[in-house]
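Chains as they are written, first to last, in the numbering used here: chain A, 17 to 262; chain B, 2 to 312.
Heads up, the beta-carbon is just placed ideally off N, CA and C, and yes, glycines get one too.
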């Protein structure tokens, strides 16, 4: 199996505070990899290091074959990233956002035209194509953000709580897009607070106080902890957290 | 007396072009915990903003604690606590400063109603000198709840209070709500977590500005009209696509480790079809629907009705 993310004792300190504490794991090509943890467990910090947005304090990691210390710019070209807070320009239309991101990632004009058509029809946004993104309901925005994050066919896409606040029906439409992308060989690295979504991942890690406390398939984790649902697995682990969610 | 009462409330935006709330009527009893669920843009927040006297309805009337939301808006503001969907505290003030600000505005003090917020505030106390903008998601929610409670409101409005909050903090948050309810506070809450909706006395389902149903979680689930199956096989994505391609399938979607399936065919026929499609180690069993299944079914019916025939 081809490894697309390799992290070895990856650590990030902010002063005395160890946000991410020697995490070690591999992610394989085409895998949907769930990255869970309570608020403040260190998920976003870990993700930012893997995306080349934050330099680790110590340890090693490669993403898509590039080193997080020395080749962060190469990493950025080869990944997609959908951040928790911001991913689209609200003052641009749907089409303009696709064009903008396509341009940023170096797609040619004809490729961008293709992508425009493909994405709009995939989302069924024909009528809204020229509307400002601000006017779209949250669920549609999130679906568009995802497709924009993979507009350049990256090897890996990082999704930071992509479905927060999205209703159960729309969340499933969002996951249909994830499945489809994974099926086409894009590796998915995703965080979520909806534990039913953890079940849709091939493997899941659970972070507690900056450390990885569990890493297995959802079924493997349920078995290991002797419980019936991922909710209970998470609850058992996260309850031990000493660090307050701050 | 009902704590909250809406009669034929309608609200439009953009000079009538956008219909946000469409002739909605319902009432909430004193001390009741009422959950409002629906997709984004369904009109939930508009209802919250009208009941909290921040918006005036186009048509209809409503009362909170017996007061009219238009005429008696000042009286209502004194008896309600409101947590808006967006974090709305002062980011540059500390935890303690925010709390004492809200207490002062309502002409009370932190000490006077401390018993009401004690359970929540003890968790915030170690950070009382931290600026609100620097708190984590879970802590922000707790502070917002404290600020909404500091003047001992009769009615509490919580607009998606747990979005982005992890399971452990969500559980704690709902434990607090239960204790507040036990003290007689009426609670109107919206949420995108269906496990939370199940904890309410009654649930109102809202879609496209219209209230589609109001029932207890038990009755909501009982009203599910079709037989529902849970299906599982090693190749889940293929299973999902295969089941969706079958003519009998009314709906098929992921549900934790299983797929949920409603179908017009019998179990045997589907099993046969799946075996022919190459699925082995199949798990196939009837399941009792949950509130989440009811919600998905309703949105599916709606979306099919709009000519969107995808399964």
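Buried versus exposed, by CB contacts within 10 Å (16 or more), residue i
i: residue 133 of chain A; result: exposed
i: residue 18 of chain A; result: exposed
i: residue 10 of chain B; result: buried
i: residue 161 of chain A; result: buried
i: residue 30 of chain A; result: exposed
i: residue 234 of chain B; result: buried
i: residue 169 of chain A; result: exposed
i: residue 24 of chain A; result: exposed
i: residue 220 of chain A; result: buried
i: residue 147 of chain A; result: exposed
i: residue 158 of chain A; result: buried
i: residue 223 of chain A; result: buried
i: residue 226 of chain B; result: exposed
i: residue 118 of chain B; result: buried
i: residue 259 of chain B; result: buried
i: residue 1 of chain B; result: In the structure as shown, chain B starts at 2 and stops at 312, and residue 1 of chain B therefore has no counterpart that could be examined.
i: residue 142 of chain B; result: buried
i: residue 185 of chain B; result: exposed
i: residue 14 of chain B; result: exposed
i: residue 195 of chain B; result: buried
i: residue 289 of chain B; result: exposed
i: residue 128 of chain B; result: buried
i: residue 98 of chain A; result: buried
Inter-residue CB distance, residue i and residue j (contact presumed, cutoff 8 Å)
i: residue 205 of chain A; j: residue 43 of chain A; result: 6 Å
i: residue 222 of chain B; j: residue 292 of chain B; result: 6 Å
i: residue 32 of chain B; j: residue 187 of chain B; result: 6 Å
i: residue 174 of chain B; j: residue 163 of chain B; result: 6 Å
i: residue 177 of chain A; j: residue 209 of chain A; result: 7 Å
i: residue 177 of chain B; j: residue 120 of chain B; result: 6 Å
Secondary structure of residue i, DSSP reduced to three states
i: residue 56 of chain B; result: coil
i: residue 241 of chain A; result: helix
i: residue 117 of chain A; result: helix
i: residue 312 of chain B; result: In this prediction, residue 312 of chain B scores a pLDDT of 41, lower than 50, which makes its location untrustworthy; the coordinate-derived value is nonetheless stated afterwards. Coil.
i: residue 254 of chain A; result: helix
i: residue 160 of chain A; result: helix
i: residue 237 of chain B; result: helix
i: residue 131 of chain A; result: helix
i: residue 105 of chain A; result: coil
i: residue 61 of chain B; result: strand
i: residue 165 of chain A; result: helix
i: residue 71 of chain B; result: coil
i: residue 60 of chain A; result: helix
i: residue 25 of chain B; result: strand
i: residue 154 of chain B; result: coil
i: residue 111 of chain B; result: coil
i: residue 88 of chain B; result: coil
i: residue 205 of chain B; result: strand
i: residue 99 of chain A; result: coil
i: residue 265 of chain A; result: Within the shown structure, residues of chain A are numbered from 17 to 262, placing residue 265 of chain A beyond reach of any answer.
i: residue 160 of chain B; result: strand
i: residue 137 of chain A; result: helix
Inter-residue spacing [alpha-carbon to alpha-carbon] between residue i and residue j
i: residue 36 of chain B; j: residue 47 of chain B; result: 15 Å
i: residue 156 of chain B; j: residue 60 of chain B; result: 23 Å
i: residue 113 of chain B; j: residue 88 of chain B; result: 25 Å
i: residue 311 of chain B; j: residue 285 of chain B; result: Summary for residue 311 of chain B: the model assigns pLDDT 44, below 50, so the residue's position carries little reliability; its value from the coordinates is reported in the next sentence. Looking at the two C-alpha atoms, the distance is approximately 24 Å.
i: residue 73 of chain B; j: residue 149 of chain B; result: 20 Å
i: residue 306 of chain B; j: residue 300 of chain B; result: 10 Å
i: residue 190 of chain A; j: residue 24 of chain B; result: 31 Å
i: residue 125 of chain B; j: residue 134 of chain B; result: 14 Å
i: residue 202 of chain A; j: residue 180 of chain A; result: 22 Å
i: residue 169 of chain B; j: residue 128 of chain A; result: 43 Å
i: residue 161 of chain B; j: residue 172 of chain B; result: 14 Å
i: residue 70 of chain B; j: residue 77 of chain B; result: 7 Å
i: residue 65 of chain A; j: residue 20 of chain A; result: 15 Å
i: residue 104 of chain B; j: residue 39 of chain A; result: 44 Å
i: residue 281 of chain B; j: residue 97 of chain B; result: 60 Å
i: residue 57 of chain B; j: residue 84 of chain B; result: 19 Å
i: residue 18 of chain B; j: residue 43 of chain B; result: 15 Å
i: residue 112 of chain A; j: residue 149 of chain A; result: 9 Å
One or two residues paired with residue i in a DSSP bridge
i: residue 223 of chain A; result: A/53, A/228
i: residue 253 of chain B; result: B/262
i: residue 203 of chain A; result: A/172
i: residue 228 of chain B; result: Residue 228 of chain B is not bridged to any residue.
i: residue 34 of chain A; result: A/29
i: residue 30 of chain B; result: B/3
i: residue 48 of chain A; result: A/204
i: residue 39 of chain A; result: A/26
i: residue 13 of chain B; result: B/20
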